[in-house]
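Numbering (full-length UniProt numbering), first residue to last: 1 to 138.
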(Lines of atoms letter the chains of each structure in order from A and count residues from 1; the text may use other names and numbers.)
(Lines give C-alpha, C1' and ligand atoms only; values in the text may rest on other atoms or scores of the structure.)
Protein backbone atom coordinates (compact mmCIF):
# COMPACT_ATOMS: atom_id res chain seq x y z
CA UNK A 1 0.00 0.00 0.00
CA UNK A 2 1.28 3.44 -0.95
CA UNK A 3 0.67 6.29 1.47
CA UNK A 4 1.61 9.92 1.73
CA UNK A 5 1.67 10.57 -2.03
CA UNK A 6 4.70 8.35 -2.63
CA UNK A 7 5.13 6.78 -6.04
CA UNK A 8 5.57 3.06 -6.59
CA UNK A 9 9.18 1.97 -7.08
CA UNK A 10 10.40 2.52 -10.62
CA UNK A 11 8.27 5.68 -11.11
CA UNK A 12 10.45 8.13 -9.22
CA UNK A 13 11.57 11.06 -11.32
CA UNK A 14 9.36 10.04 -14.23
CA UNK A 15 6.74 12.52 -15.42
CA UNK A 16 3.26 11.36 -16.20
CA UNK A 17 2.10 11.70 -19.81
CA UNK A 18 -0.52 14.31 -20.57
CA UNK A 19 -3.47 12.99 -22.62
CA UNK A 20 -3.76 14.38 -26.13
CA UNK A 21 -5.90 17.51 -26.20
CA UNK A 22 -5.28 18.25 -22.51
CA UNK A 23 -2.75 20.78 -21.40
CA UNK A 24 -0.25 20.37 -18.63
CA UNK A 25 -0.69 22.71 -15.65
CA UNK A 26 1.42 25.86 -15.99
CA UNK A 27 3.55 27.01 -13.12
CA UNK A 28 3.46 30.60 -11.89
CA UNK A 29 6.97 31.11 -13.26
CA UNK A 30 6.07 29.97 -16.80
CA UNK A 31 7.31 32.29 -19.53
CA UNK A 32 4.70 34.60 -21.06
CA UNK A 33 4.55 33.95 -24.81
CA UNK A 34 2.84 35.34 -27.86
CA UNK A 35 3.29 38.28 -30.13
CA UNK A 36 3.68 41.84 -28.88
CA UNK A 37 0.10 42.55 -29.94
CA UNK A 38 -1.22 39.56 -27.94
CA UNK A 39 0.82 40.44 -24.84
CA UNK A 40 -0.41 44.05 -25.01
CA UNK A 41 -4.03 42.83 -24.73
CA UNK A 42 -3.41 40.71 -21.60
CA UNK A 43 -4.26 42.23 -18.24
CA UNK A 44 -1.21 43.23 -16.17
CA UNK A 45 -2.10 40.92 -13.27
CA UNK A 46 -1.92 37.85 -15.54
CA UNK A 47 1.78 38.38 -16.29
CA UNK A 48 4.52 36.64 -14.38
CA UNK A 49 7.22 38.58 -12.50
CA UNK A 50 9.76 37.67 -15.23
CA UNK A 51 9.09 39.98 -18.13
CA UNK A 52 11.88 39.18 -20.57
CA UNK A 53 15.37 40.18 -21.53
CA UNK A 54 16.40 43.74 -22.30
CA UNK A 55 18.51 44.73 -25.28
CA UNK A 56 22.01 45.87 -24.28
CA UNK A 57 23.07 49.46 -25.06
CA UNK A 58 24.27 49.99 -28.61
CA UNK A 59 28.01 49.38 -29.04
CA UNK A 60 30.14 52.04 -30.83
CA UNK A 61 31.02 49.69 -33.70
CA UNK A 62 27.76 47.95 -34.51
CA UNK A 63 26.22 46.34 -37.58
CA UNK A 64 23.27 48.17 -39.10
CA UNK A 65 20.30 45.85 -39.66
CA UNK A 66 18.23 46.48 -42.78
CA UNK A 67 14.59 46.71 -41.65
CA UNK A 68 11.89 45.95 -44.22
CA UNK A 69 8.19 46.71 -44.25
CA UNK A 70 6.11 44.07 -42.42
CA UNK A 71 5.00 41.70 -45.21
CA UNK A 72 2.76 39.15 -43.42
CA UNK A 73 4.05 36.48 -45.84
CA UNK A 74 2.95 33.50 -43.72
CA UNK A 75 -0.32 32.57 -42.08
CA UNK A 76 1.40 31.10 -39.01
CA UNK A 77 4.42 32.67 -37.32
CA UNK A 78 5.94 31.19 -34.17
CA UNK A 79 7.67 33.63 -31.83
CA UNK A 80 10.72 31.76 -30.52
CA UNK A 81 12.18 34.51 -28.31
CA UNK A 82 11.29 38.09 -27.47
CA UNK A 83 12.58 41.06 -25.54
CA UNK A 84 10.82 42.64 -22.60
CA UNK A 85 7.70 44.56 -23.56
CA UNK A 86 8.22 47.21 -20.88
CA UNK A 87 10.12 49.27 -23.50
CA UNK A 88 8.56 51.07 -26.47
CA UNK A 89 10.56 48.94 -28.95
CA UNK A 90 10.06 45.17 -28.83
CA UNK A 91 12.09 42.62 -30.78
CA UNK A 92 10.84 39.10 -31.57
CA UNK A 93 12.78 36.20 -33.08
CA UNK A 94 10.23 34.54 -35.36
CA UNK A 95 10.10 31.25 -37.25
CA UNK A 96 7.88 30.69 -40.29
CA UNK A 97 8.07 28.52 -43.37
CA UNK A 98 11.40 26.97 -42.40
CA UNK A 99 13.13 30.36 -42.12
CA UNK A 100 13.66 32.83 -39.30
CA UNK A 101 13.42 36.60 -39.07
CA UNK A 102 13.39 39.33 -36.45
CA UNK A 103 10.31 41.51 -36.05
CA UNK A 104 10.72 44.97 -34.52
CA UNK A 105 7.58 46.59 -33.13
CA UNK A 106 7.69 50.24 -32.13
CA UNK A 107 4.81 51.47 -29.98
CA UNK A 108 3.94 55.15 -30.33
CA UNK A 109 0.87 55.98 -28.29
CA UNK A 110 -1.90 53.67 -29.52
CA UNK A 111 -0.14 52.91 -32.83
CA UNK A 112 2.20 49.99 -33.42
CA UNK A 113 4.67 50.07 -36.30
CA UNK A 114 6.24 46.72 -37.26
CA UNK A 115 9.29 46.03 -39.40
CA UNK A 116 11.03 42.74 -40.22
CA UNK A 117 14.48 41.62 -41.26
CA UNK A 118 15.02 39.46 -44.31
CA UNK A 119 14.29 35.76 -43.76
CA UNK A 120 17.36 33.62 -43.22
CA UNK A 121 18.29 30.09 -42.21
CA UNK A 122 18.27 29.39 -38.48
CA UNK A 123 22.05 29.50 -37.86
CA UNK A 124 22.50 32.93 -39.47
CA UNK A 125 19.41 34.47 -37.85
CA UNK A 126 20.23 33.19 -34.36
CA UNK A 127 23.67 34.81 -34.75
CA UNK A 128 22.03 38.12 -35.74
CA UNK A 129 19.58 37.82 -32.81
CA UNK A 130 22.47 37.38 -30.36
CA UNK A 131 24.28 40.39 -31.84
CA UNK A 132 21.08 42.44 -31.50
CA UNK A 133 20.64 41.43 -27.84
CA UNK A 134 24.31 42.21 -27.06
CA UNK A 135 24.10 45.66 -28.70
CA UNK A 136 26.39 44.70 -31.57
CA UNK A 137 23.64 45.17 -34.18
CA UNK A 138 20.66 47.49 -34.48
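For glycine and all other residues, C-beta sits at the position ideal for the given N, C-alpha and C. If you're wondering where the values come from, they're calculated on a predicted model, not measured in any experiment.
Per DSSP, residue 106 lies in no alpha helix (DSSP H); the unbroken beta strand (DSSP E) holding it starts and ends at 99-108. Taken in chain order, the complete alpha helix (DSSP H) segments of 4 residues or longer contained in the segment 51-135 are 122-133. Distance from the Cα of residue 72 is smallest, within the candidate group 122, 98, 115 and 137, for 115.
Taken atom to atom, the span from the alpha-carbon of residue 133 to that of residue 55 is near 5 Å. Only exposed fits residue 130, as fewer than 16 other CB atoms lie within 10 angstroms of its CB.
Considering only 80, 69 and 106, the residue with the shortest C-alpha distance to residue 52 is 80. Distances from the CA of residue 95 to each of 74, 66 and 58 were compared; the closest alpha carbon is that of 74.
The beta-carbon separation of residue 106 and residue 89, rounded to 5 Å, stays under the 8 Å limit for a contact. Annotated as proximal: residue 68 and residue 118, with beta-carbon spacing under 9 Å. If you draw a straight line from the Cα of residue 59 to the Cα of residue 98, it is about 31 Å long. Around the Cβ of residue 83, a 10 Å sphere holds 16 or more other Cβ atoms; the residue is buried.
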